[in-house]
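Undergrad:
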Amino acid sequence: MSLIQKPAPSVRVLFVLVVAILVAQVAQTEDSNRSSTPASKRLMKELRDFYESTSFKDGIFTVELVDDNIYEWNIKIFKPYPYSDYQEDFQKWKERTGKDHMLLRASYNDEYPFVPPFIKIVYPKLYGTPIGYICHELLTASGWNSDYTIEPLVLQIMESLNREIVGKDDEQYQFDKSERTAYEDWMRLAHGHWRK
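Read in order, the letters of the sequence shown are residues -29 to -1, 1 to 167 in mature numbering (1 follows the signal peptide of the UniProt record, and there is no 0).
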């Protein structure tokens, strides 16, 4: 005779039911996370349209998803806005670093296109934006229009870039006092960016 008793049939049935319910809930959660939201549908359309755009065909800039995430985009700018002060600095920076593009990162959320994306400069470092956050009227609640798409948005940002490139990418940038204050103000704004 065994000292270990088998559970009663009702306990086994209950256990199987609980496991089945948990598996179904996990599967449902994963399916809902993968399902298309209005934001992801809009972003997919913008991505398809971008690959038909003049900016893409003329090699001005490209867009790539970060880790296949439709809400995170890398934007590589190969040709700065003509006649900007930034153009000469960009050419020198390219020669110095061997990089052929400026890299921006756009982060979208589920409320897009009714709220703007959050965009930062990954590299190069520009004077006045040492951590890369772009403060542009188009990226504010009052300046944003849900009709904007990635192409005109990036072209507008490119047009406004007329800042000096500072340091090398592998050097730690030192804030001066006014930049530290601006950075702290920007972080307060950035943390409230996704709030209604």
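Ideal placement from N, C-alpha and C gives every residue a C-beta, glycine not left out.
Can you look up Trp44 in the DSSP assignment and give me helix, strand or coil?
TA: On the sequence shown, residue 44 is found 73 positions in, with the first residue counted as 1. If DSSP states are grouped into helix, strand and coil, Trp44 belongs with the strands.
Undergrad: On the criterion of 16 or more Cβ atoms from any shown chain inside 10 Å, does Ala77 qualify as buried, or is it exposed?
TA: Locating residue 77 in the sequence shown gives position 106, where the first residue counts as 1. Looking at its Cβ environment, which holds 16 or more other Cβ atoms inside 10 Å, Ala77 is buried.
Undergrad: Taking the alpha helix (DSSP H) that Ala10 falls in, what are its first and last residues?
TA: One-based indexing of the sequence shown puts residue 10 at position 39. Residues Pro9 to Phe21.
Undergrad: Could you check the C-alpha separation between Glu108 and Thr120 for me, to the nearest Å?
TA: Translated into the one-based positions of the sequence shown, residue 108 becomes position 137. Translated into the one-based positions of the sequence shown, residue 120 becomes position 149. Roughly 15 Å between the two C-alpha positions.
Undergrad: Do the stretch 65 to 75 and the stretch 14 to 24 touch if we need at least three Cβ pairs shorter than 8 Å?
TA: Taking 8 Å as the limit for Cβ pairs, the verdict is that the stretch 14 to 24 does not touch the stretch 65 to 75.
Undergrad: If you follow the beta strand (DSSP E) that Lys91 is in, where does it begin and where does it stop?
TA: Taking the sequence shown and counting its residues from 1, one reaches residue 91 at position 120. From DSSP, the beta strand (DSSP E) with Lys91 extends over Phe89 to Tyr94.
Undergrad: Would you mind reading off the limits of the alpha helix (DSSP H) that contains Ser131?
TA: As a working mapping, residue 131 is identified with position 160 in the sequence shown. Looking at the DSSP string, the run of the alpha helix (DSSP H) that includes Ser131 is Ile121 to Ser131.
Undergrad: Residues in the same chain with beta-carbon distance under 7 Å from Phe49, minus the five sequence neighbours each way, listed in chain order, please.
TA: By one-based count along the sequence shown, residue 49 stands at place 78. Result list for Phe49: Gly30, Ile31, Phe32, Asp71 and His72, in chain order.
Undergrad: To the nearest angstrom, report how far apart Pro9 and Lys96 are at their CA atoms.
TA: Numbered from its first residue, the sequence shown carries residue 9 at position 38. Numbered from its first residue, the sequence shown carries residue 96 at position 125. Between Pro9 and Lys96, the C-alpha separation is close to 34 Å.
Undergrad: What span of residues does the alpha helix (DSSP H) with Thr25 cover, start to end?
TA: For this step, residue 25 is matched to residue 54 along the sequence shown. From DSSP, the alpha helix (DSSP H) with Thr25 extends over Thr25 to Lys28.
Undergrad: Measuring only the C-alpha atoms, how far is Pro51 from Leu75?
TA: Start at 1 with the first residue of the sequence shown, and residue 51 comes out as number 80. Start at 1 with the first residue of the sequence shown, and residue 75 comes out as number 104. In a straight line, the C-alpha of Pro51 is about 13 Å away from that of Leu75.
Undergrad: Is the beta carbon of Ile92 less than 7 Å from the beta carbon of Gly103?
TA: In the sequence shown, the residue the question calls residue 92 occupies position 121. In the sequence shown, the residue the question calls residue 103 occupies position 132. Yes, the pair counts as a contact, with Cβ atoms nearer than the cut-off.
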